[in-house]
Every structure is written in structure tokens, then in C-alpha cells.
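Down below is the structure, laid out as C-alpha cells.
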Amino acid sequence: MSDELTWQAGVKQTVQRTVLVALSVGIVLLLLLLANLPTLVATLLTLAYALYVLLPYLLPVRYRLNAAGVRWGQGLDSHFRPWDSFKVYRLQPGGIELSAYSRRDGRVPTLNNYRAVFLPYGKLPPTDLEAAVAAHLPLDV
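Going by numbering that gives the first Met the number 0, the sequence shown opens with residue 0, and the numbers climb by one from there.
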């Protein structure tokens, strides 16, 4: 196995995300129209905002695992977490979750979903991703 593993995966579209995006765009249009902006200006600003909100769903997310940690992002937006910020990994449907909390230590906090990093398999063979993560973290039971 090489020292670095790189792959891409699309953002998973869910009904909840679709509703939130639609509500967000609708609220922005309403606020711009209520601000007495001309209809054309309000429409153009709303379209710009809609493109900004929808862009993450149009671009694939790039993932990279190496000896330093995990990097993921799309476009110019990039995030990095070193391996020592995680304690365990868990196999999930469609990917692997890296977590700072182990079930062995008790109940996993509810907000773990906001702190954990989910690595989708994408087109990557699941065994390749699991081997790369297992080289740095233990599997949680």
C-alpha cells in the first residue's frame, strides 16, 4: 500500500438537505424583495446565492489520507484533521466514520455527528479505504 490514498465522491443528496436549500433560497428572495430592491436585482442576487448554496452539490468532494491525517474539500474549500484528533473508526453503510469517541468508553455524545468525519467509499474499493484507516486507528466495536 502506498503512503497516500486519494479519491473523489459526490455529496449525498437527501430530502432534508433539499428542503433546507429550497427554504434558504426562498427566504433570501423574500427578504430581498421586502427590502424594496428592484425585482431584477433581487432575482439576480437570489440566483447568485442559490448558485453559492448549490455549488457543493455540483462538485465532487476530494479526499486524501496520508501519514499526517485526513484532508477533504471541494473547489477552494479544504479541511484537514490530523490522525491524533480521532480515537477510533467505525464501518458505516457507504463509508467509514472517524470519531474522537469510542463506544468502549461509554455512550457516544449526540454531537459526535458534527465532530466525526465520514469518508464515503465512492468508487474506491472498501477494503483499500479500510486498510488505509486501520493503519492509523483501531476499529470501534
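Built from N, CA and C at the ideal position, the CB exists for glycine as well.
Our two residues, Y56 and E3, have alpha carbons roughly 26 Å apart in a direct line. The beta carbon of A49 sits closer than 7 Å to those of V24, all from its chain and outside the five residues before and after it, given in chain order.
Below 8 Å, enough C-beta pairs join the stretch 79-92 and the stretch 55-70 to call them touching: three or more. Contact annotation: D127 and S101 have beta-carbon atoms that are not nearer than 9 Å. Per DSSP, the continuous alpha helix (DSSP H) segment holding P55 begins and ends at 38-57. Per DSSP, R102 is not a residue of any alpha helix (DSSP H), being assigned neither H nor E.
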